[in-house]
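A short worksheet on the structure shown next.
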Amino acid sequence: MSDEELGLDTTIRCINGKSYIDIRDNKDASEREIEIDPETVFRLETIVTRANVCHRTKDDMYMVKFSWGSGTKPSELDYLELAKPVNGVVNLKWSKDIHEVETHRTGLDFSTAYKVYFRQNEWRLSLGRHSKTSKAEPYYRKRKLTLALLLPNGRPLKSCRTPREFLSCILDAIIGHRDLYTDAKVLHCDVSEGNIILSKPDADGKSRGLLIDLDMSTSIDGQVNEEEKIKMAGTVKYMAIELLRNMNQGNYSINKSCRYDLESFFYVFLMGCLRYGCSSVRPEYLKSWYTNNTSLNYFKKKGDIIQNFEKNILEHFSSSFESVKDMAKELRKILFGENLDQFASTPNSGQLYAPIIRAFKNVITQIDGM
Numbered sequence: 342m343s344d345e346e347l348g349l350d351t352t353i354r355c356i357n358g359k360s361y362i363d364i365r366d367n368k369d370a371s372e373r374e375i376e377i378d379p380e381t382v383f384r385l386e387t388i389v390t391r392a393n394v395c396h397r398t399k400d401d402m403y404m405v406k407f408s409w410g411s412g413t414k415p416s417e418l419d420y421l422e423l424a425k426p427v428n429g430v431v432n433l434k435w436s437k438d439i440h441e442v443e444t445h446r447t448g449l450d451f452s453t454a455y456k457v458y459f460r461q462n463e464w465r466l467s468l469g470r471h472s473k474t475s476k477a478e479p480y481y482r483k484r485k486l487t488l489a490l491l492l493p494n495g496r497p498l499k500s501c502r503t504p505r506e507f508l509s510c511i512l513d514a515i516i517g518h519r520d521l522y523t524d525a526k527v528l529h530c531d532v533s534e535g536n537i538i539l540s541k542p543d544a545d546g547k548s549r550g551l552l553i554d555l556d557m558s559t560s561i562d563g564q565v566n567e568e569e570k571i572k573m574a575g576t577v578k579y580m581a582i583e584l585l586r587n588m589n590q591g592n593y594s595i596n597k598s599c600r601y602d603l604e605s606f607f608y609v610f611l612m613g614c615l616r617y618g619c620s621s622v623r624p625e626y627l628k629s630w631y632t633n634n635t636s637l638n639y640f641k642k643k644g645d646i647i648q649n650f651e652k653n654i655l656e657h658f659s660s661s662f663e664s665v666k667d668m669a670k671e672l673r674k675i676l677f678g679e680n681l682d683q684f685a686s687t688p689n690s691g692q693l694y695a696p697i698i699r700a701f702k703n704v705i706t707q708i709d710g711m
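In our numbering, the protein residues as written are 342 to 711.
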């Protein structure tokens with residue numbers, strides 16, 4: 342039997358220890374074979390994921406992303422099309438659908454199935470409940486496994502070699518996020534360490550920071566339905582305090598806002614200051630920000646940011662980032678106000694971009710002058 346008949350994915354072909362896929366350089370070009378690096382640029386660490394996996398092409402030209410999308414409309418590919426004129430966001434060159442859940446499940450009848458429910462914050466299942474009708478209702482999102490060919494090639498944020506490179510990368514990503522929001526009318530909604538990459542160095546040896554993964558994004562031009570507009574999204578580790586508060590109250594709907602994404606950039610910055618430049622044996626701080634307990638996540642993050650910022654965060658900065666502690670305090674004040682009591686989005690949240698960008702530029706200028 343062939344690999345395809347055995348149910349194996351034949352998109353990536355392994356020949357003599359090398360990995361190949363077929364691509365088009367644009368939608369009108371002929372298909373050609375290209376070698377990819379089997380070592381991933383990015384792979385989610387959890388067991389159950391949307392299967393986002395990124396590979397570099399061996400010619401260092403493209404990044405290839407495989408993803409089971411969320412099934413929403415517009416899709417990530419639609420948002421990448423809108424983002425093409427925006428600097429600071431990866432550029433989509435070509436894409437194709439590989440598999441579709443709807444195709445796999447065609448003809449299957451689940452009308453006699455039992456629905457099983459997870460209890461919030463408890464590792465217990467219900468006994469199940471039978472459907473009241475014999476007619477099968479929609480029971481899954483119409484997800485698709487897509488291949489996207491992206492420019493430029495990149496490396497993970499955690500591969501930053503200097504504090505300046507790290508800060509510049511985040512600054513570039515914030516500016517890209519602002520332009521995506523204001524010019525393309527797209528809000529990213531899932532800012533995290535894994536969704537920021539560095540481009541190849543330019544002629545001056547400098548890398549640029551780029552946003553990737555627009556699968557959780559939403560349009561702010563009024564073209565998405567209300568359900569998608571308020572559906573909570575993000576990576577718990579970097580999630581805004583207000584979102585965690587809602588989750589703790591059992592409310593998983595909230596109007597999406599650039600304010601929450603900018604707060605996520607702040608947490609990416611803090612995590613980097615704690616970890617980068619340290620030995621691998623250094624203890625991992627702030628693990629209580631991303632547990633299976635939503636209440637713990639909320640109260641611990643709020644406590645660390647508002648009450649115990651110096652003791653639990655600043656005192657544990659890597660020695661490489663001693664010089665940015667004042668900047669961390671400034672960003673905290675910009676986001677949460679002089680009294681540290683501002684957590685919710687407001688109609689003026691877009692005004693947060695300017696002081697945050699200015700803070701990054703000022704500290705980078707100081708580093709350059711040392």
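The C-beta atom is built at its ideal place from N, Cα and C for all residues, glycine as well. Since we're looking at a predicted model, the values are computed, not measured.
According to DSSP, residues forming a beta bridge with residue i
i           : result
residue 339 : Outside the displayed span of the chain (342 to 711) sits residue 339, for which this structure offers no information.
residue 665 : Note: residue 665 sits in no beta bridge, so no partner.
residue 594 : 572
residue 432 : 492
residue 497 : 538
residue 441 : 485
residue 404 : 397 and 491
residue 532 : In DSSP, residue 532 forms no bridge with anything.
residue 409 : 486
residue 527 : 560
residue 359 : 356
residue 552 : 430 and 537
residue 364 : 373
Proximity of residue i and residue j at Cβ, strictly below 7 Å
i           : j           : result
residue 657 : residue 602 : no
residue 360 : residue 375 : no
residue 418 : residue 527 : no
residue 672 : residue 700 : yes
residue 532 : residue 606 : yes
residue 636 : residue 589 : yes
residue 669 : residue 583 : no
residue 492 : residue 432 : yes
Residue i versus residue j - alpha carbon distance
i           : j           : result
residue 409 : residue 616 : 30 Å
residue 705 : residue 484 : 42 Å
residue 562 : residue 435 : 25 Å
residue 421 : residue 555 : 7 Å
residue 643 : residue 625 : 18 Å
residue 506 : residue 362 : 32 Å
residue 349 : residue 525 : 38 Å
residue 702 : residue 356 : 47 Å
residue 629 : residue 573 : 20 Å
residue 344 : residue 440 : 15 Å
residue 413 : residue 634 : 27 Å
residue 659 : residue 381 : 27 Å
residue 709 : residue 545 : 15 Å
residue 396 : residue 486 : 15 Å
residue 352 : residue 593 : 36 Å
residue 674 : residue 393 : 34 Å
residue 500 : residue 547 : 14 Å
residue 407 : residue 364 : 13 Å
residue 448 : residue 442 : 12 Å
residue 650 : residue 627 : 11 Å
residue 366 : residue 445 : 29 Å
residue 631 : residue 370 : 44 Å
residue 502 : residue 640 : 33 Å
residue 342 : residue 437 : 26 Å
residue 401 : residue 379 : 13 Å
residue 358 : residue 707 : 48 Å
residue 618 : residue 405 : 29 Å
residue 511 : residue 373 : 35 Å
residue 587 : residue 346 : 47 Å
residue 504 : residue 663 : 10 Å
residue 450 : residue 608 : 45 Å
residue 293 : residue 368 : Limits of the chain in this structure are 342 at one end and 711 at the other, which puts residue 293 out of reach.
Integer Cβ distance of residue i from residue j, believed to fall under 8 Å
i           : j           : result
residue 638 : residue 676 : Contact doesn't hold; Cβ gap of about 18 Å is too wide.
residue 535 : residue 427 : Actually they do not touch by this definition, with Cβ atoms about 20 Å apart.
residue 697 : residue 515 : 6 Å
residue 403 : residue 490 : 5 Å
residue 430 : residue 508 : Contact flag wrong, Cβ pair sits at about 19 Å.
residue 694 : residue 549 : That pair is no contact at about 18 Å.
residue 411 : residue 482 : 7 Å
Would you call the region 492–500 and the region 537–544 touching, i.e. three or more CB-CB distances under 8 Å? yes
For the region 578–594 and the region 604–618, state whether three or more C-beta atom pairs, one from each stretch, are separated by less than 8 Å. Between the region 578–594 and the region 604–618 there are three or more C-beta pairs closer than 8 Å, enough to call the two in contact.
Counting beta carbon pairs with one atom in the region 549–561 and one in the region 645–661, are three or more of them shorter than 8 Å? no
Are the region 590–602 and the region 690–697 in contact at 8 Å, needing three or more beta carbon pairs? yes
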